[in-house]
Amino acid sequence: PFALLLPDMIMQADMSCMKEMVELYAETGNNVVAVQECDPAEAHKYGIVGKGKDKGTGFEITEMVEKPAKGTAPSNLYLNGRYILQPEIFRILETQERGAGGEIQLTDGMLALAKSQPFYGYHYRGRTFDCGTPSGFVEANVAFALWRKDMHDDAAEMIAGLLRDIKPEG
């Protein structure tokens, strides 16, 4: 197996998401993906999984949908960019048709792989920042500055000053 970490999804927590996923992989011997809850109204923006039976520290995944149409998501559990996958995924991705957004979607490849191999979800309870958007990038930087003991007070003072001194254009 191999671990895949999407670089635009940054995580903040006291525990290591990947460490917990490796432990679940050791329990199951199968593909493991990290998921967390999102606002159901935002589910159409993400790869979403259906939750099956609990298994050890995780749960069986019953389905995966990349960016489902509004109101059709099987749950509000989204794939947050951390995966432990079997190498067979590469053969699938090489021949896969383009999916949502006209791109080859990892979620679609995983769905094909799930026909022959089980997938398990690890419910991550920390924070995930989507740094693929300008506002998500700013939010992550501010959050990490505030999270650090050596930066918290200076960052909070700087943010308060910017909020006081800078007004929106227009």
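Reading the sequence shown from the start, the letters are residues 2 to 171 in my numbering.
Idealized CB from N, CA, C, for every residue including glycine.
Looking at the DSSP output, residue 83 shares a beta bridge with 6. Going by DSSP, residue 111 is part of no beta strand (DSSP E) but of the alpha helix (DSSP H) stretching over 107 to 114. A Cβ-Cβ separation of about 6 Å places residue 50 in contact with residue 76 under the 8 Å criterion.
By the beta-carbon neighbour count (other beta carbons within 10 angstroms, threshold 16), residue 126 is exposed.
Among the bridge pairs identified by DSSP, residue 131 is matched with 10.
Cβ contact annotation for residue 14 (same chain, cutoff 6 Å, sequence separation greater than five): 127, in chain order. For residue 43, the three-state secondary structure derived from DSSP is helix. Counting the other CB atoms within 10 Å of its CB gives residue 12 a total of 16 or more, which places it among the buried residues. Counting only the Cα atoms, residue 68 lies some 12 Å from residue 104.
Of the candidates 20, 45, 89 and 44, 20 places its Cα closest to the Cα of residue 35.
Less than 8 Å divides the Cβ of residue 47 from the Cβ of residue 39.
Taking the Cα positions, residue 151 is about 22 Å away from residue 129. Taking residue 99 as the centre and dropping the five residues before and after it, the same chain places the C-beta of 105 closer than 7 Å to its C-beta, in chain order.
A straight-line Cα-Cα distance of about 25 Å links residue 29 and residue 10. For the pair residue 95 and residue 160, the Cα-to-Cα distance works out to about 47 Å. Rounded to the nearest whole angstrom, the CA to CA distance from residue 84 to residue 122 is 9 Å.
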